[in-house]
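Chemist: Sequence order for the protein chains is D and F. First residue of the first sequence? That's -11 in the working numbering, and the numbers climb one at a time after it. First residue of the second sequence? That's 83 in the working numbering, and the numbers climb one at a time after it. Glycine residues also receive a C-beta, built at the ideal position from the N, C-alpha and C atoms. Okay, here's the structure, questions in a sec.
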Amino acid sequence: VTPGALAAVVLAILGTVAGGATLAGTVAGGATLAGTVAAQVPTPPGGVSAQVPTPPGGVSAQAPTPPSPQGQGGELYLRDCAWCHGANLEGTSRGPTLVGTGEASNRFYLTTGRMPIADPNELIRRRPSVYSGAEIDAIVGYVAALGGGPASPAVDPAAGDLGPGGELYRLHCGQCHGATGAGFPLLSGRSSPAVWNSTAVEVAQAIRVGPGGMPVFSPETLTDQEVNAIVRYVLYLQDPDDRGGFHLFRVGPLTEGIVAWLVGIVLLLFAARLLGEDE
Amino acid sequence: VIAPVARWLDDRVGLGGWARRALNKAFPDHWSFLLGEIAMYCFAVLVATGVFLTLFFQPSAEAVVYSGSYEPLQGVEVTQAYASVLDISFDVRAGLLVRQVHHWAALVFVAAIVLHLLRVFFTGAFRRPREINWMVGVTMLLLAMFSGYTGYSLPSDLLSGAALRIGTAVLQSIPFIGTWSLFLLLGGEFPSPQMIPRLFTFHVLLLPVAIGGLLGVHVAILWHQKHTQFPGGPRTDKNVVGPPLWPAYMARSAGLFCAVAAVVIGLGALFQINPVWLYGPFNPSTTTAPAQPDWYWGWMDGALRTFPNWEFRGLGRMIANPFFPGVLLPALTFLGLYAWPFLEARLTGDRSEHQLLDRPRDHPVRSGIGAGVVAFYTLLTVAGVNDTIARLLDQPVFRVTGALRVAILVVPVLIGLLTWRALAAVKDAPPTPAATVERGGG
């Protein structure tokens, strides 16, 4: 095995660390629903998003008459969601109420594949969405019509400024998601995910909704313009100015130390072995 | 041309005889004797690249609005130091390459020192008469670590700030003198405006001059005492067998210098290191994660991360928690390193002169202790990335930290005992026959 090949293997392993969010996709969903009541049911999104005022122009109006569960949205909801969230969004011992959560929250959970989960004990994390775009529209529309809540925030990254966006990102987001966006494990066993796979809309939704353990950033904390700036910087972090050679996954000096030993020192030991006699 | 000049010089300073003896000096030959030389040549690269960097680096905490060519930070208020590192990285010709070569050379430098130290330890090269040179070497390791730390802290990016915050907190934890030492060092509370200029003085003047001076002492003592050699062949305690300095050994050494330069320049060209523009400028109110020190401080970071949250009251004071993993452990570590030659002489009662090296397998106890100690510090270094391990294993950080605590205490003992027993078995075994007779199968 050449040192180069060895280094490539190590770097490949580290690559999966750095892209930790993608690891989540492999979590099996085969557990039964009949298990015990969740010990760590996530924070009810309804509880936090109630603080989020409806953005101007939102489509949060409560439907005057309850929608019929006959449509595609209703059918999917009753098939996949109602088991934990209740037939009328009222919530059960397995999952929180969805009343008042709105499009911002529900679309985020469905497009990022965080929902549905097969078992309330399962960690809620990013994975490929199981629904088509039309199906998500239908479910989100059904839940919004039935339970109300804020619309998805309007986001325009191009209108944001990169410099202030970076400063706001480092101030509000970098502690958990990392200055480079690599993500970071929280003490509880959950992780704040890497921001490298998120779309602009998902980032804005997460900021406003505060999914999982993430705080809610309401318009009083971050204006729409500031959210635009942060989103622009997050999109920049997905493909940053990476001069200086191969980027070693932007997880700090850890990978640099490994390369110093496995590439630098290994090559030099090889050179020393060639230059020096061994007897 | 050379001959007349040499003769002219010899007529006036009369070094011809000395030079002839020097050039004929024998150097024993083994690839593991080149580890220290790798470190020495890394130091040469560090000085050369470091001089280049001082031409452009501004050691100042003065706030400026960045206006260089890196767009995402344009208009952001940063320190002059950070702005000048961005200039080196984006606007100075070859600046980023030199900066990266400097940093890579530093990582390889300390790694080579550690390997050299292990070679000297496991072969018993520190024994009489070489105790002084052992202590000089240990001092250079310490100075190299502080050179790395001050260099890491200079760019005034988020990682620099975090490292300084941890380092100053550790310093403050020393009972009685901690707070005053910090004020003396920083000229005030953390973060002080004098922090960067003072670190700069240490990094570019005091530490490298001390390392350079001790390097001279190290080589001079080696020259005077002559190099050790492995037993076997014509080699005895009374002679030195090896190629002469000129031309064989010098050619070899020049080749090694080229290899060191090629490897660290290659690393600097191919692998990004410390992208400070992505970490952002230091701001005491924020931080980044995942974050680690450079690898050779990892063991101390790991100790800080895994040490239980104990605090003690003694002498009428609270002895703060970071004191134990951050001050006491490193102090004992280096005390142990300094004292080892004398400790071993006392334990074995062997105070005689040694010019021949031991093979590690012939000293099961020493090799067992060495293997256990290496395992201990390796595991502490691993504990310095407990968060990344937790993420890799999909486990809570607390659980990983708990497992590491047990491993740090248990595994080194097991490895030490295993090494000791295995080597003792090899040593006590009857010599294997030079050839075995294979019985015909048909």
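Are there 16 or more other CB atoms within 10 angstroms of the CB of F/Gly314, so buried, or fewer, so exposed?
Modeler: The residue given as residue 314 of chain F occupies position 232 in the second sequence. Exposed: under 16 other Cβ atoms inside 10 Å.
Chemist: Please state whether the Cβ-Cβ distance between D/Ala132 and D/Asn76 is less than 9 Å.
Modeler: The residue labelled residue 132 of chain D in the question sits at position 144 within the first sequence. The residue labelled residue 76 of chain D in the question sits at position 88 within the first sequence. Going by C-beta atoms, D/Ala132 is not nearer than 9 Å to D/Asn76.
Chemist: Name the one or two DSSP bridge partners that F/Phe364 has.
Modeler: Walking along the second sequence from the start, residue 364 of chain F turns up at place 282. Looking at the DSSP assignment, F/Phe364 forms no beta bridge with any residue, so it has no partner.
Chemist: For F/Arg433, go through chain D and note every residue whose CB falls closer than 9 Å to its CB, in chain order.
Modeler: In the second sequence, the residue the question calls residue 433 of chain F occupies position 351. Within 9 Å Cβ-Cβ: nothing; F/Arg433 doesn't reach chain D, min ~30 Å.
Chemist: Exposed or buried, which one is F/Gln276 when buried takes at least 16 other CB atoms within 10 Å?
Modeler: Working through the second sequence from its first residue, we reach residue 276 of chain F at position 194. So F/Gln276 counts as exposed.
Chemist: Is F/Leu179 helix, strand or coil by DSSP?
Modeler: Position 97 of the second sequence, counting from 1, holds the residue named residue 179 of chain F. Note: F/Leu179 maps to helix in three-state DSSP.
Chemist: So, is the C-beta of D/Leu210 closer than 9 Å to a C-beta in chain F?
Modeler: For this step, residue 210 of chain D is matched to residue 222 along the first sequence. No, no contact with chain F.
Chemist: Report yes or no: is there a C-beta of chain F within less than 9 Å of the C-beta of D/Leu257?
Modeler: Position 269 of the first sequence, counting from 1, holds the residue named residue 257 of chain D. At least one chain F Cβ lies under 9 Å of D/Leu257.
Chemist: With DSSP run on the structure shown, which of helix, strand or coil describes F/Arg89?
Modeler: Walking along the second sequence from the start, residue 89 of chain F turns up at place 7. Looking at F/Arg89 - three-state DSSP - the assignment turns out to be helix.
Chemist: With a threshold of 16 other CB atoms inside 10 Å of the CB of D/Leu255, please say whether the residue is buried or exposed.
Modeler: Taking the first residue of the first sequence as position 1, residue 255 of chain D is located at position 267. Label assigned to D/Leu255: buried.
Chemist: Locate the alpha helix (DSSP H) running through F/Arg247, then write down its first and last residues.
Modeler: Along the second sequence, one-based indexing puts residue 247 of chain F at 165. Run containing F/Arg247: Leu240 to Gln254, per the alpha helix (DSSP H) assignment.
Chemist: Quick one: Cα of F/Arg387 to Cα of F/Gln374, how far?
Modeler: Mapped onto the second sequence, residue 387 of chain F falls at position 305. Mapped onto the second sequence, residue 374 of chain F falls at position 292. About 11 Å.
Chemist: Taking only the alpha-carbon atoms, compute the straight-line gap between D/Ala27 and D/Ser81 and give it to the nearest angstrom.
Modeler: Stepping through the first sequence from its first residue, residue 27 of chain D is reached at position 39. Stepping through the first sequence from its first residue, residue 81 of chain D is reached at position 93. Since pLDDT at D/Ala27 reaches only 37, below the 50 mark, its modelled position is unreliable, and the value read off the structure follows with that caveat. For D/Ala27 and D/Ser81, the distance between alpha carbons rounds to 10 Å.
Chemist: I need the straight-line Cα distance from F/Ala453 to F/Val183, nearest angstrom please.
Modeler: What you label residue 453 of chain F is simply residue 371 of the second sequence in a count that begins at 1. What you label residue 183 of chain F is simply residue 101 of the second sequence in a count that begins at 1. Taking the straight line from one Cα to the other gives about 32 Å.
Chemist: May I ask you to list the residues that DSSP assigns as paired with F/Met400?
Modeler: As a first step, residue 400 of chain F must be located in the second sequence, where it is residue number 318. Partner(s): F/Arg395.
Chemist: Rounded to a whole number of angstroms, what is the C-alpha to C-alpha distance between D/Ala167 and F/Thr463?
Modeler: Locating residue 167 of chain D in the first sequence gives position 179, counting from the first residue. Locating residue 463 of chain F in the second sequence gives position 381, counting from the first residue. Spanning the two alpha carbons is a distance of roughly 23 Å.
Chemist: With DSSP as the reference, label F/Phe389 as helix, strand or coil.
Modeler: Here residue 389 of chain F is taken as the residue at index 307 of the second sequence, counted from 1. In this structure, F/Phe389 counts as coil in the three-state DSSP scheme.
Chemist: So which residues on chain F does D/Asp107 lean against when the C-beta distance must stay under 9 Å?
Modeler: For the purposes of this step, residue 107 of chain D is taken as residue 119 along the first sequence, with counting starting at 1. Ordered by position in chain F, no residue passes the 9 Å Cβ test against D/Asp107, which lies about 15 Å from the chain.
Chemist: Would you call the CB atoms of F/Ala108 and F/Gly324 closer than 9 Å?
Modeler: As a first step, residue 108 of chain F must be located in the second sequence, where it is residue number 26. As a first step, residue 324 of chain F must be located in the second sequence, where it is residue number 242. Contact: yes.
Chemist: Among the candidates D/Val143, D/Leu134, D/Gly101 and D/Ala139, whose CA atom is the shortest distance from the CA of D/Leu86?
Modeler: By 1-based counting over the first sequence, the position of residue 86 of chain D is 98. Of the candidates D/Val143, D/Leu134, D/Gly101 and D/Ala139, the one whose C-alpha sits nearest the C-alpha of D/Leu86 is D/Leu134.
Chemist: Check whether the Cβ of D/Tyr97 lies closer than 9 Å to any Cβ atom in chain F.
Modeler: Along the first sequence, read from residue 1 onward, the residue named residue 97 of chain D stands at position 109. Cβ-Cβ to chain F under 9 Å: no for D/Tyr97.
Chemist: How many Å lie between F/Ala507 and F/Leu304 at the Cα?
Modeler: The residue you call residue 507 of chain F lines up with position 425 of the second sequence. The residue you call residue 304 of chain F lines up with position 222 of the second sequence. In a straight line, the C-alpha of F/Ala507 is about 35 Å away from that of F/Leu304.
Chemist: Tell me which residue opens and which closes the alpha helix (DSSP H) that F/Asp283 is part of.
Modeler: Counted from its first residue, the second sequence places residue 283 of chain F at position 201. Per the sequence shown, the amino acid found at residue 283 of chain F is Thr instead of Asp. Run containing F/Thr283: Met277 to Thr283, per the alpha helix (DSSP H) assignment.
Chemist: Can you find a CB in chain F that lies within less than 9 Å of the CB of D/Pro173?
Modeler: Here residue 173 of chain D is taken as the residue at index 185 of the first sequence, counted from 1. It does; some Cβ of chain F falls within 9 Å.
Chemist: Using 9 Å as the limit for Cβ to Cβ distance, is F/Gly350 near chain D?
Modeler: Residue 350 of chain F sits at position 268 when you count from the first residue of the second sequence. Output row for F/Gly350: interface = yes.
Chemist: Flag D/Gln163 as yes if its beta-carbon sits less than 9 Å from any beta-carbon of chain F, otherwise no.
Modeler: As a position in the first sequence, residue 163 of chain D is number 175, starting the count at 1. Output row for D/Gln163: interface = yes.
Chemist: Quick one: measure Cβ to Cβ for D/Tyr65 and D/Ile112, integer angstroms, because I've assumed they're closer than 8 Å.
Modeler: Working through the first sequence from its first residue, we reach residue 65 of chain D at position 77. Working through the first sequence from its first residue, we reach residue 112 of chain D at position 124. Going by Cβ atoms, the distance from D/Tyr65 to D/Ile112 rounds to 18 Å, so no, they are not a contact pair.
Chemist: What's the C-alpha gap between F/Arg28 and D/Pro241?
Modeler: The structure shown does not extend to residue 28 of chain F, since chain F is modelled only from 83 to 524, so the question has no answer here.
Chemist: Can you say whether F/Glu271 is buried or exposed, counting buried as having 16 or more other CB atoms within 10 angstroms of its CB?
Modeler: The residue you call residue 271 of chain F lines up with position 189 of the second sequence. Its Cβ having fewer than 16 others within 10 Å, F/Glu271 is exposed.
Chemist: Need the endpoints of the beta strand (DSSP E) that F/Ala145 sits in, please.
Modeler: The residue given as residue 145 of chain F occupies position 63 in the second sequence. Unbroken beta strand (DSSP E) run through F/Ala145: Ala145 to Val147.
Chemist: What residues in its chain sit with their C-beta under 7 Å from that of F/Tyr361, if we drop five residues either side in the sequence?
Modeler: Stepping through the second sequence from its first residue, residue 361 of chain F is reached at position 279. Excluding residues within five positions, the ones whose Cβ falls inside 7 Å are Asp239, Leu240, Leu241 and Thr370.
Chemist: Tell me, to the nearest whole angstrom, how far the beta carbon of F/His445 is from that of F/Gly206; I am working on the premise that it is less than 8 Å.
Modeler: On the second sequence, residue 445 of chain F is found 363 positions in, with the first residue counted as 1. On the second sequence, residue 206 of chain F is found 124 positions in, with the first residue counted as 1. F/His445 to F/Gly206, Cβ: 7 Å. Contact.
Chemist: Assuming F/Phe134 contacts F/Val180 under a Cβ cut-off of 8 Å, what Cβ separation, rounded to an integer in Å, is found between them?
Modeler: Translated into positions along the second sequence, residue 134 of chain F becomes position 52. Translated into positions along the second sequence, residue 180 of chain F becomes position 98. So it is a contact: roughly 5 Å between Cβ atoms.
Chemist: Using a Cβ-Cβ cut-off of 9 Å, state whether D/Ile283 counts as contacting chain F.
Modeler: This structure gives no information on residue 283 of chain D, because the portion of chain D shown stretches from -11 to 267.
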